[in-house]
Ligand SMILES: Cc1ncc(C[n+]2csc(CCOP(=O)(O)OP(=O)(O)O)c2C)c(N)n1
Ligand SMILES: Cc1ncc(C[n+]2csc(CCOP(=O)(O)OP(=O)(O)O)c2C)c(N)n1
Ligand SMILES: [Mg+2]
Ligand SMILES: [Mg+2]
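Residue numbers (the numbering used here), protein chains in the order written: chain A, 220 to 547; chain B, 220 to 547; chain C, 81 to 408; chain D, 81 to 408.
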């Protein structure tokens, strides 16, 4: 039912928990005044980012969204430099110029969160085009939401990617809401995956709260892209546990709906499966312990990082030279 | 097999022939230096405009494209004021400010040709919204091409129209080319109609060279829209006989392909059907005669119309008042 | 007299115009049940219902296009594109369609919609949620542009915008939403093109608008201590622009300072400077000084953002330099 | 020395850069087999093949986005958006993504693509195919903007644009494509920010670019007969702008006239005027005069179009008025 060895499974558990706690602590840190900007927590959707990224290798690239911390962590980004960026400090991934909405990790091929809904989709298509043109075996993955699937960028990008058989995997995280608007009030369909047929592209649906289910379909889609067979639209049905952004109370969502999804918390789902597979609670506790340590260090690192000097605002408008992203 | 009486059929024949000859003569008039701007001839696609417009009534509105003369004539526009506009004279529909790409007839609810591929689609959706909000029984029709179906505007508009069950009929004239690019080089699908499923909307396909086939499906789509059941995507398979614009030799199209479609000329198709139904050749000749007279007068009218004064360039930037288009 | 916030003033204007004219309706993302991301439309959905306050999908081109299309038929939509940065996705509908409709049609159609553009930074809102793009729309013939700095002006100008027969871009600054000021119970529409001297002075005319106007006023207080007298002029509407008002002020001062948040290069301040240097040359006693946003995107870190945005200190410093220069 | 056309010069630059660097490739609608709507890319598809010259669907946002995405990975795409009016459909990719990438990422990523924007009227091209939109891009920090007026500058600047590590907007005027001039066999890239005095003079500095530069030169000939000596300055690149070159010329003349085809309000001429009136004030001996497009959309009728666009007569008349005023 899964081709992943036990150690990998506990790694996935670790990664999901890291995202969960990174976001929970970020919310607290924002409350405490350490983070000046807005936050769109990924809490509840961890299985999607982790399941997809587990199917990727070095040389693959990703584009993300306003809700990008989970994607970035799942790709293996450094929580220290992420908190440093959220804190608006020099050692942040974007040297305090980007913040949550624009974070990148060039070595990991993480082309960035994006402040524009749907904005990352054409960029992923372009990255895939460059990978194809240079004969790389790399694949581009683009994460976006159900709401983004109503943007023109989605349509134009999927048409182009399928036409040119580009190595892209389009991952639609359908969490049933675009901002405060329920899906049935923003589109007349339930399964975004059916839109794949408009582009003669396979469209598949995964239980977005089951990391293994996501991983399985992601592997197929990535393999297909690598083989030069073109893109896939992968829809993951999931849910965000918190508001659209920190501060949003999410009153527009029925309590029963929230409760139902909380009961299917992706971390609980994997956790109980692991326990079922004979992983001891002590081992899970050790993972949780490790996660807290990582985040303690990350927060300390961010706190210790210097603030930028005001004049730095004038730097980085134009480039000296550019050879392209140096993938690790 | 058709619910149209004989007289209606000969009227449709007349309308198609009027479009054909209007365009052929416009090309000559441009050659002769009477028309300063570009022309995108509708020749070959007459059955689509005429079949669709025959299903419309007063109070319905339309948006068109860069290839809009046929739609406008099919809706009943005055060839005299159309030629006058192409001639850039005062009595033109747009008082010489628009030209071929922007022609309108407010009384006929013809909201305009459009210089932007796909640009008319959101406008039709908005017009339909206004018709719905004001409780009118009117329907909006939006004509566009296969190439336009790759624009973001197409996607966003169809999603919105279906979501709100707006009274719109989306008519995609699939003439196999977007400018000089064959369909298989601009989209990975053959039937644009299948894209309707992405919006939970019916998608139907008509032989775009058979005016009666187009008319039948248009009637169903219009009836559905009027009944408040929402939009339909109607794809008409057709072909333009000439280049993309006057002057384009169309070398990118295989001669056999062109020959095949010329053999299925929509006017010949209807003509032979009429003859089969017992209409005499003399009657068809009389129609042809009438068409030439109409166009003789139209060209004479345009020729006689005054040129605008240069200073008029400063008028019409802003409005005095506006109550909305006065439908006839 | 009662004091209300800028957001409440806009809300009142929307409500009163909706009461007055049933053709007025609102379109936008999350403006309905959620009351808008900035709370501007709070309560209007409950009060006027779903047929007057429409939540749209995340489809900027289609939602603005729907507004334009509805306006052609006489509707009076007020469209919110939320962060004005997202207007980049609707530029065809705003610039090629709405702005040009009246002109292209020789004055036969108009597009009387109001487009609400939420402008400027709100503190760490970063590069894609902070732009001040008014200069683009000022440069687009056919559009009118207003930029109120106070609750009273916001209410009076919103009423005028909705009743205006042409497309109006209504710029609202995020940092102004919660600012409060006295607003009478009854407010009449304020005709466009009427600037106002917010503070009288004799040494320098300082032209400013939106949030920067308040920084300019604060600078004026500071400077007064030093014996430098700033006359502060708020054009309120950028198109049409109150040339007579500017001239009258320059007749008093002979010196011109211009301050706005948008990047200096090609900002609206350049147009004001050009008008003065060409049409009011004889009144100028020294160089024109612009105090504007740096020619950079908006950075995330508060220290950097503070450097980019012109504040009272920078404005005061610039004013001082003008006087010393003048003396020397 | 051989003479070639502006279109041929751009074609040569593209070809030579593609020879030099295989990372350079072309993207656009109908630029391949068809050689481009304006014939600029004629023969490049045959010479470099489909992997270097890519015909795209009619999807402006996705095709520009694909260029941006490819450039992030080190590709050097040259994207044609055909008529620059269609850039309205790609503004998010140009403005929110490409222009801000380097800055938002703290200098870690760049988007070295070249965007070809076909600008201006070509005679009766009407409102949606004639715009001169350079002012929008000049106002967008992170972009560089070049606007060559001669074949030699076009070739030299295109080479520099392609090798530039940042996004470059390359404005080409339709009426220049067929203009011919001497161009040496070997042309080196021309660094940005170097304007040039195209004609020396003593009375007035006339700044102009693209097609209007040639109208200005014609006006200078006329005026010479009357004893008025125009110095004609072509900035060639708008961003960066050659302040030193402008200053040097104003030191000779003391009077500034600015002419361009774009509408006057908020055009690039306003920025030039603002620079002079603030930074070069002491050199100015009289009011700055702008001779620009009227603040109207582009009309269809030739008589109206001629009134809208600044020609040699209008430029000469303005220059005369400056001298008389100066004398008075
Ligand atoms: C082009 C654009 N329009 C609107 C917004 C405001 N906005 C930010 S997130 C969001 C909702 C996106 O919904 P979805 O794509 O489903 O992603 P989710 O937030 O559910 O993860 C909206 C409307 C934006 N950032 N960009
Ligand atoms: C937004 C935009 N992009 C490109 C063009 C240039 N153009 C004019 S017509 C056309 C082809 C349109 O193809 P299709 O939609 O199939 O209509 P057809 O010409 O076949 O009738 C193109 C690319 C345009 N006018 N607008
Ligand atoms: Mg969502
Ligand atoms: Mg076509």
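Using N, Cα and C, we set each Cβ at its ideal position, and we do this for glycine too.
All of these numbers come straight from a predicted model, not from anything done at the bench.
- Those residues having their beta-carbon less than 6 Å away from any non-hydrogen atom of ligand 3 are, in chain order, A:364, A:365, A:366, A:394, A:396, A:397.
- When the five nearest sequence neighbours on each side are left out, the beta carbons in the same chain lying within less than 8 Å of the beta carbon of residue 346 (chain C) are those of 215, in order along the chain.
- When C-beta distances to chain B are compared with 8 Å, every residue of the stretch 305-323 of chain D stays at or above that value.
- Straight through space, the alpha carbons of residue 285 (chain C) and residue 334 (chain C) are spaced by roughly 8 Å.
- Contact annotation: residue 336 (chain C) and residue 330 (chain C) have beta-carbon atoms nearer than 8 Å.
- The C-beta distance from residue 229 (chain B) to residue 441 (chain B) rounds to 22 Å, too long to fall under 8 Å, and the pair is not in contact.
- A heavy atom of ligand 2 is found nearer than 7 Å to the CB of residue 138 (chain D).
- At a cut-off of 8 Å, the C-beta of residue 212 (chain C) has no neighbouring C-beta in chain A.
- Exposed is the label assigned to residue 258 (chain C), since fewer than 16 other Cβ atoms lie within 10 Å of its Cβ.
- By the Cβ-count criterion, residue 468 (chain B) is exposed, with fewer than 16 other Cβ atoms from all chains shown falling within 10 Å of its own Cβ.
- Under the three-pair Cβ rule at 8 Å, the stretch 139-146 of chain C does not count as touching the stretch 410-420 of chain A.
- For residue 510 (chain A), the enclosing alpha helix (DSSP H) begins and ends at 500-523.
- Under the three-state reduction of DSSP output, residue 338 (chain D) falls in the strand class.
- The stretch 377-391 of chain B and the stretch 519-527 of chain A do not touch, with fewer than 3 CB-CB distances between them shorter than 8 Å.
- Contact annotation: residue 106 (chain D) and residue 133 (chain D) have beta-carbon atoms nearer than 8 Å.
- By the criterion of at least three beta-carbon pairs nearer than 8 Å, the stretch 279-291 of chain A is not in contact with the stretch 101-116 of chain D.
- Using a CB distance below 7 Å, the part of the stretch 170-181 of chain D facing chain A consists of 172, 173, 176, 177, ordered along the chain.
- Close to residue 395 (chain D), with beta-carbon spacing below 9 Å, lies no residue of chain B; the smallest spacing is near 17 Å.
- Three or more beta-carbon pairs drawn from the stretch 264-284 of chain C and the stretch 305-312 of chain C are found closer than 8 Å, and the two stretches are therefore classed as touching.
- Along the stretch 442-466 of chain A, none of the residues has a CB nearer than 7 Å to a CB of chain D.
- By the neighbour-count criterion, in which 16 or more other beta carbons inside 10 Å mark a residue as buried, residue 466 (chain A) falls on the exposed side.
- Contact annotation for residue 258 (chain C) against chain D: no contact, minimum CB-CB distance about 26 Å [criterion: below 7 Å].
- Residues of the stretch 424-437 of chain A with a C-beta atom less than 9 Å from some C-beta of chain B do not occur.
- Take residue 230 (chain D), set aside five residues on each side of it, and the residues of its chain with a beta-carbon closer than 6 Å to its own are 261, in chain order.
- Here residue 508 (chain B) is exposed, its C-beta having fewer than 16 other C-beta atoms within 10 Å.
- Against residue 400 (chain D), chain C offers no close residue; the least beta-carbon distance is about 16 Å (beta-carbon pairs closer than 9 Å).
- Inside the stretch 394-468 of chain B, DSSP marks whole beta strand (DSSP E) runs of 3 or more residues at positions 422-426, 451-456, from first to last along the chain.
- Measuring C-alpha to C-alpha distances from residue 370 (chain D) to each of D:342, D:211, D:376, D:192 identifies D:342 as the nearest.
- Chain-ordered, the chain C residues with CB closer than 8 Å to the CB of residue 183 (chain D) read 207, 376, 377, 379.
- In this structure, DSSP gives residue 272 (chain D) a state outside helix and strand, which the three-state scheme calls coil.
- Per DSSP, reduced to three states, the secondary structure at residue 365 (chain A) is coil, with no helix or strand assignment.
- Residue 267 (chain B) has its Cβ no nearer than 7 Å to any heavy atom of ligand 2.
- Residue-level contact by beta carbon fails for residue 513 (chain B) and chain D, as no gap is shorter than 8 Å.
- Membership of residue 235 (chain A) in the alpha helix (DSSP H) is indicated by the continuous run 225-250.
- Secondary-structure assignment with DSSP links residue 343 (chain D) through a beta bridge to D:373.
- Rounded to the nearest whole angstrom, the C-alpha separation of residue 234 (chain C) and residue 127 (chain C) is 21 Å.
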